[in-house]
Amino acid sequence: MREMMKKNLVFLLDEQEYAASMIRYAAPLAMDLGANLTVLHTQLPVTVGMHGSIGTSTVVDPGHLEKEKRSMQELVHGIVGTLDPKTRAVVEIEFHSEVGAAVEVLSTMVTEKRVDMILLQGQADKNYWVQKPVAMAIIREVECPVCIVEPDTTYKPLNKIVYASDLNKEDITAMQQLVRLTAPFAPEILAVHVTTDATFEERIKAEGFAEETRKQVGYENVHVTLLADQGYSYITDLLSNEAERLNAVMIAVLKENLNFFERIFHKSFTASLIETARLPVMVFRGS
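Shown next as structure tokens:
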């Protein structure tokens, strides 16, 4: 059983080449969140052919699975040994390996209340990370906040977060999750609503949403701002640039918010968000 009231951050180990930079991001994040860190390694069963008197069949090769597990465990332990001594002393870092699809393993961990936040590696080669089937499957199917971080991103405390808002009640639920998860940082949350009609009526709607959000979320450091879309080809470029201008360290979005989600995760958004802003993206699910 995990430590009482202790959050658990789970980093899904992806490419070995970037394991060190990702763990160096995850470990101080876990420390500041007051969380444990689990480095999760999953592998699909490897089968080998068998020939016998009754024909040909396949069986799982346990030797290969164990060899892969040990290799990854040694890699992770070596990286952990290079971390700042204070981080190692404070954060309980566990290597965990399971045979099975990452989506299924993580879903089980969520059901068993063994994970509060999932950390995924973004693409390092400037290709679009969500083209990875496993990444999108995790976002779609696992009932847990998911944070995507590009390798070699320097960790910064989550003291200012831009939340892509559509001024809907679903946003309030997502921001409640955001506030609970990032409580140790007491962050300033800037709910940014992109609009083509920054009229008085729209501004009043935003002000009302801000007040209702503070009331329902129970958190005062929430501000809502309207951002006029002045002909950007992609709304994500505008949002990314605004996040940079505000010196935010993360962009958060609600998965069910199609008005933002579908556009934020358009292929062209990578150039703006990952290549230019290089900000982590946190994806929340609705209630």
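In our numbering, the protein residues as written are 3 to 289.
Where a beta carbon is used, it is the ideal one built from N, C-alpha and C, also for glycine.
None of these values were measured; they are calculated from a predicted model.
| Item | Value |
| --- | --- |
| Of all the options A230, L281, A185 and L229, which has the alpha carbon lying nearest to the alpha carbon of K9? | A185 |
| So the candidates are V93, E94, L122 and T89; which of them puts its Cα closest to the Cα of V105? | L122 |
| Pull up the distance between the alpha-carbon of Y347 and that of V285, whole angstroms please. | No answer is possible for residue 347: the residues shown for the chain start at 3 and end at 289. |
| Can we say the segment 81 to 90 touches the segment 109 to 125, given the rule of at least three CB pairs closer than 8 Å? | no |
| Can you give me the Cβ contacts of D154 inside the same chain, cut-off strictly under 6 Å, excluding the 5 residues immediately before and after it? | S23 |
| My output table needs one value for V93: the three-state DSSP class, helix, strand or coil. | coil |
| Is DSSP giving A230 helix, strand or coil here? | strand |
| Determine the contact status of A37 and I95, defining contact as a CB-CB distance below 8 Å. | no |
| Give the straight-line distance between the Cα atoms of V343 and D34, rounded to the nearest whole angstrom. | For residue 343 there is no data in the structure shown, the boundaries of the chain being 3 and 289. |
| DSSP three-state label for S99, please. | strand |
| Once you ignore the five residues that flank G102 on each side, which residues in its own chain have a CB closer than 7 Å to its CB? | T44 |
| Is Y165 helix, strand or coil by DSSP? | strand |
| Count the other CB atoms, across all protein chains shown, that sit within 10 Å of the CB of A91; report buried if there are 16 or more and exposed otherwise. | exposed |
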